[in-house]
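Asker: Going down the list, the protein sequences come from chains A and B. With the first letter of the first sequence counted as 1, position 80 gets the number 79 in numbering that gives the first Met the number 0; the numbers rise by one all the way through. With the first letter of the second sequence counted as 1, position 227 gets the number 226 in numbering that gives the first Met the number 0; the numbers rise by one all the way through. Here a beta-carbon is modelled for each residue, glycine too, at the ideal position from N, C-alpha and C. All values reported here derive from a predicted model rather than from experimental measurement. Quick one: the structure is below, questions incoming.
There are 2 protein chains.
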Amino acid sequence: MTNSSSDRPGEFELIAKLFAPLSAEAAGAYGLTDDAATIQPPPGCELVVTADLLTAGVHFRADDPPKMIAKKSLRVNLSDLAAKGAVPAGYLLSLAMPRDWTLPWMQSFADGLREDQNAFSVALFGGDTTSTSGPLTIAITAFGFAPAGRMIRRNGARPGDLVFVSGTIGDAGAGLAALKDEIANLSASEREVLVSRYQVPSPRLALGQALRGIATASLDVSDGLLADLGHIAETSGVRLTIDADRIPLSLAFKAAGESVLSAVTAGDDYEIAFTTPAARRDEIPQIAERAGTPVTEIGRVEAGKGIALLNSSGHEIPVSKKGYRHF
Amino acid sequence: MTNSSSDRPGEFELIAKLFAPLSAEAAGAYGLTDDAATIQPPPGCELVVTADLLTAGVHFRADDPPKMIAKKSLRVNLSDLAAKGAVPAGYLLSLAMPRDWTLPWMQSFADGLREDQNAFSVALFGGDTTSTSGPLTIAITAFGFAPAGRMIRRNGARPGDLVFVSGTIGDAGAGLAALKDEIANLSASEREVLVSRYQVPSPRLALGQALRGIATASLDVSDGLLADLGHIAETSGVRLTIDADRIPLSLAFKAAGESVLSAVTAGDDYEIAFTTPAARRDEIPQIAERAGTPVTEIGRVEAGKGIALLNSSGHEIPVSKKGYRHF
C-alpha cells in the first residue's frame, strides 16, 4: 500500500467504506446516508449531550497509534457521560484531516472506534469530514440517556458532604512525561501502565450510573483534580478541602518519583470526582465494588469558597497552578 | 486594546464571560457550568441532530469578519435542520483556537452568534474550547425537533416525482471567486450580493418545515447542486434529470458572467433541493410564498441511477466534477 493520494478514497467513499459500517444499523443513524440523525430518548429519560474536541499536539501526539487516538477521542466524551450518570448511546464525529492522511491510518482509526463501540455499546450517528492545513482535529459530540431530572450535576455539593475520587490520580500526567522522556528509572511495565493511562483512559460508566441519587455533585477529572474540584466548589457555592496524603496513587506513579502535587494538577485522569452526604459514606464501598472501580475518600465539603489541599498537619499546601489550561 | 496574551481571559473566564450568556438560561444548558446538557424533545417529537466542522482556509477565509464566521458556522448547521424539516432548538460549539487569538476577535465572534441566536431562536447548550497550532476550527452540533418519524429523508424520491430547488444557485461560488479577484466587471452592489451569499448563507427553515409531508426527499445544497442531488439519486435508488436552462440564477450571478455549469457544481449555496410527487406540483407555489423563499422546478425523477444535466435539446451536458470534495 502506498500513501499517494490517488490510492485514497474520496470523501464520500471514505464515509461509505469506513464510517457507515460504524453506524451499526442504529435506528435514527440511517447508515450515515442523510443530513441528520434522529434520536428519541426512552420513556422517562432525557438526552444527555456533551462535546469534546481533541487536536494533535495538545490532546494526543500526532504519532500516537491511530487506534489509541480514536479510543481516547471517544472515551473522553464517554467519561463526561459517565460522570453525569448517563448511559451512553451514540456519538457524532467530525474530522479535520491533514492533507497527508493515509488510508491505512484511517482504517486503523476506524478499527479503534469499532472496538470501543463494542466495548461501550454505542454507535456512530453522523458527523463531518474535511481537510485542514493544520493538525488532525477530532470533534465528538456524545449522547446518552438518564432518567429525566436525574443527571448528576456539579452544583449539589453541600457543607458536611464528603469528597471521593475513583481509581488513581496522576498516572496519565506521568505517562505523558514518560513519553517525553522526562522520567527515568521506570521499568518497562511501569512505563506501559502510565503511558496507557495517558493514551487510552477508562470512562467510569458503571460507577457513574450507580452514583445517581447518591452523589450530590460529580464531574470527570480532565484538567487536573484540584482544578476540576474547584468547578464543583464554585458551581455549588462551597469550599472543598482535600487531604494530600489520601490522594490515591498507583504503584507505577510512585515508582516514577512524581509528587502528589504533580498528581493533583496534571490532567487526563478521566476518573470521577464526586461528593456525597456523610450519611451515605457506608454505601460507597459496595457501590465501588459492584462497579469494579476503586473509590477513595479524599476530603470534605465546607461552607466558604474555593479549594484547599491540606498536608497531614491540616495546613494548606500552596498550589500555584491547579490544573491544565488551554490558554 | 492590545493583543498580548496577558490581556486575554483564561479558558474558563472566556466561557463565563462570552459564551455562558449565550446559553440564554435555556433549560438543560445549565449556564454552561456542567459537563453536559440535557435535552427533552417536546411530546410527539424526536430530536434531529447534525454536525458540521468548518476550518479557516477551507470553509471561510481567516480574515473574514468574525461575526460572519460565527454566523456561517451556525447557519450551515441550521441549513441541515432546515432541509430535514426540523425546528432548530440549540447547538454545541467546539472551538480550536490559534495561539494568537485576540479578545476583540472573540467578542465579535460571540456577538455574531448572539445575533443569529435571536434570529433563529436557538441557544448555546455547551461545547469545548482548546488551542491549536493550526487554523481556527469550529465544530458545531445543532439539534432541533421534528414530529416523530416525519424528518424529511433523502431516500424517498420515486420515479415520476419532480425536482425543485429554493432560491438561486451559484451565488456563493461566484462570491468566493469575487473575493479571490477572479471576477472582474462587477458593480459594487453585485459583488456585495454575491460575497454576502458566500459569507452568510440563509437557512431555509420556514420552507423546510412547510415541506414535511410534501417532499419525498430533501437536502441542503452545500457541495454543489449536482453532487448533492446525486446523493438523493443514490440514496433513493433513482435517476434525476435536471434542465440546465431552468436552474435559477440571480441577476448578480449573471452579471458575473459565470456559466450555469459553474453554478451547479460550486458549493456553499445552502438552498434546499427536494423532490415531490408530480400530483403535488400545484401546492409548491403557495408553500414557497408562505415561506418567503422562491422555489423553482428544475427536473424530474426517473427509474435508473445517477444524475444528468440536460441542455434545452434534452441532451446530456458532460460534467467532469459535480461538486466540491474535501479530498
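Against chain A, does P134 of chain B count as a neighbour if the rule is that its beta carbon must be under 8 Å from one of theirs?
Answerer: True, the Cβ-Cβ gap to chain A drops below 8 Å.
Asker: Anything in the region 33-63 of chain A with a Cβ closer than 9 Å to a Cβ of chain B? List those residues in chain order, please.
Answerer: Of all residues in the region 33-63 of chain A, D33, D34, A35, A36, T37, I38, Q39, P40, C44, E45, L46, V47, V48, T49, A50, D51, L52, L53, T54, A55, G56, V57, H58 have a Cβ within less than 9 Å of some Cβ in chain B.
Asker: Evaluate Q285 of chain A with the Cβ neighbour count: other Cβ atoms within 10 Å of its Cβ, from every protein chain shown; 16 or more gives buried, anything less gives exposed.
Answerer: Burial call: exposed.
Asker: Within the continuous alpha helix (DSSP H) that includes F273 of chain A, where are the two ends?
Answerer: That residue, F273 of chain A, is in no alpha helix (DSSP H); its beta strand (DSSP E) goes 271-275.
Asker: Using a 10 Å radius around the Cβ and a threshold of 16 neighbouring Cβ atoms, would you call S3 of chain B buried or exposed?
Answerer: With a pLDDT of 45 at S3 of chain B, under the threshold of 50, the modelled position of that residue is not reliable, and the figure given next carries that caveat. Counting Cβ neighbours within 10 Å, S3 of chain B comes out exposed, since fewer than 16 surround it.
Asker: Please report the residue range of the beta strand (DSSP E) in which G143 of chain B lies.
Answerer: That run of the beta strand (DSSP E) goes 136-146.
Asker: Return no unless some Cβ of chain B is closer than 8 Å to the Cβ of T264 of chain A.
Answerer: No, T264 of chain A lies away from the interface with chain B (no Cβ there is under 8 Å from its Cβ).
Asker: If contact means a Cβ-Cβ distance below 8 Å, which residues of the region 149-162 of chain A contact chain B?
Answerer: From the region 149-162 of chain A, only M150, R152, R153, N154 have a Cβ closer than 8 Å to chain B.
Asker: Return the residue from the list A:V47, A:L250, A:A243, A:R153 that minimises the CA-CA distance to S188 of chain A.
Answerer: Comparing Cα positions, the closest option is A:L250.
Asker: When burial is assigned at 16 or more other CB atoms within 10 Å of the CB, is H314 of chain B buried or exposed?
Answerer: That one is exposed.
Asker: Name the chain B residues that come within less than 9 Å of H314 of chain A, Cβ to Cβ?
Answerer: Within 9 Å Cβ-Cβ: nothing; H314 of chain A doesn't reach chain B, min ~27 Å.
Asker: How is Y197 of chain B classed by DSSP in three states: helix, strand or coil?
Answerer: Helix, per DSSP.
Asker: Which residues does DSSP list as the beta-bridge partners of F163 of chain A?
Answerer: Note: F163 of chain A sits in a beta bridge opposite A:F273, A:E296.
Asker: Where are the beta strand (DSSP E) runs, 3 residues long or more, that stay fully inside the region 217-297 of chain A, in chain order?
Answerer: Whole beta strand (DSSP E) segments, 3+ residues: 238-242, 271-275.
Asker: Could you work out which residues of chain A lie near S311 of chain B, taking near to mean beta carbons separated by less than 9 Å?
Answerer: Here the premise fails: no neighbours, minimum Cβ distance about 31 Å.
Asker: Considering only DSSP beta bridges, list what E331 of chain A is partnered with.
Answerer: As displayed, chain A neither begins before 0 nor continues past 326, which places residue 331 of chain A out of reach and without an answer.
Asker: Of the residues that make up the region 20-31 of chain B, which ones have a beta carbon closer than 8 Å to any beta carbon in chain A?
Answerer: So the list reads G27, Y29, given in the order they occur along the chain.
Asker: Alpha carbons only, please: which of B:A15, B:G30, B:G133, B:V121 is nearest the one belonging to R98 of chain B?
Answerer: Comparing Cα-Cα distances from R98 of chain B to each of B:A15, B:G30, B:G133, B:V121, the minimum goes to B:G133.
Asker: Can you tell me which of the three DSSP states E301 of chain B falls into?
Answerer: Correct three-state label for E301 of chain B: strand.
Asker: Anything in chain A within Cβ reach of G9 of chain B, meaning under 7 Å, just list it in chain order.
Answerer: What G9 of chain B touches in chain A: R324, F326.
Asker: Assuming S93 of chain A is part of the beta strand (DSSP E), what are its boundary residues?
Answerer: Where S93 of chain A is concerned, the enclosing beta strand (DSSP E) stretches over 86-97.
Asker: Give me the DSSP bridge partner(s) of T129 of chain A.
Answerer: In DSSP, T129 of chain A forms a bridge with A:A95.
Asker: By how many angstroms is the C-alpha of G30 of chain A removed from the C-alpha of D110 of chain A?
Answerer: Those two C-alpha atoms are separated by around 17 Å.
Asker: Should L161 of chain B and T240 of chain B be called a contact, given that it needs their Cβ atoms to be closer than 8 Å?
Answerer: Contact: no.
Asker: Measuring only the C-alpha atoms, how far is M96 of chain A from F119 of chain A?
Answerer: So the two alpha carbons sit approximately 26 Å from each other.
Asker: Which whole-angstrom value is the C-beta distance of V352 of chain B and G84 of chain B, which I expect to be below 8 Å?
Answerer: Because chain B is modelled from 0 through 326, residue 352 of chain B falls outside the range shown and cannot be assessed.
Asker: Since I believe I168 of chain A is in contact with I231 of chain A (beta carbons under 8 Å), could you give me their beta-carbon distance rounded to a whole number of angstroms?
Answerer: The pair is not a contact, with the Cβ atoms about 15 Å apart (cut-off 8 Å).
Asker: Taking 8 Å as the CB-CB limit, is D219 of chain B close to chain A?
Answerer: Chain A contact via Cβ: present.
Asker: How about L204 of chain A and A81 of chain A: do their beta carbons lie closer than 8 Å?
Answerer: For L204 of chain A and A81 of chain A, yes; Cβs fall inside 8 Å.
Asker: Below 8 Å CB to CB, which residues in the same chain sit around K66 of chain B once its five sequence neighbours on both sides are set aside?
Answerer: Closer than 8 Å at Cβ, skipping near neighbours: S107, F108, D110, G111, E114.
Asker: Just list the residues that DSSP pairs A36 of chain A with in beta bridges.
Answerer: Beta-bridge pairing links A36 of chain A to B:V48.
Asker: How about N2 of chain B: is its C-beta nearer than 8 Å to some C-beta of chain A?
Answerer: Because N2 of chain B carries a pLDDT of 40, less than 50, the predicted location of this residue cannot be relied on, and the following value inherits that uncertainty. No, its Cβ sits nowhere closer than 8 Å to a Cβ of chain A.
Asker: Opposite L123 of chain B in the DSSP bridges: which residues?
Answerer: DSSP output for L123 of chain B lists B:Y90 as bridge partner(s).
Asker: Using a Cβ cut-off of 7 Å, pull out every chain B residue sitting near L91 of chain A, in sequence order please.
Answerer: Going along chain B in sequence order, the residues near L91 of chain A (Cβ under 7 Å) are V48, A50, T140.
Asker: Cβ atoms of A216 of chain B and T49 of chain A: under 8 Å apart, would you say?
Answerer: In this structure, A216 of chain B does not lie closer than 8 Å to T49 of chain A by Cβ.
Asker: Is it the case that the Cβ atoms of A209 of chain A and L135 of chain A are separated by a distance below 8 Å?
Answerer: Going by C-beta atoms, A209 of chain A is not nearer than 8 Å to L135 of chain A.
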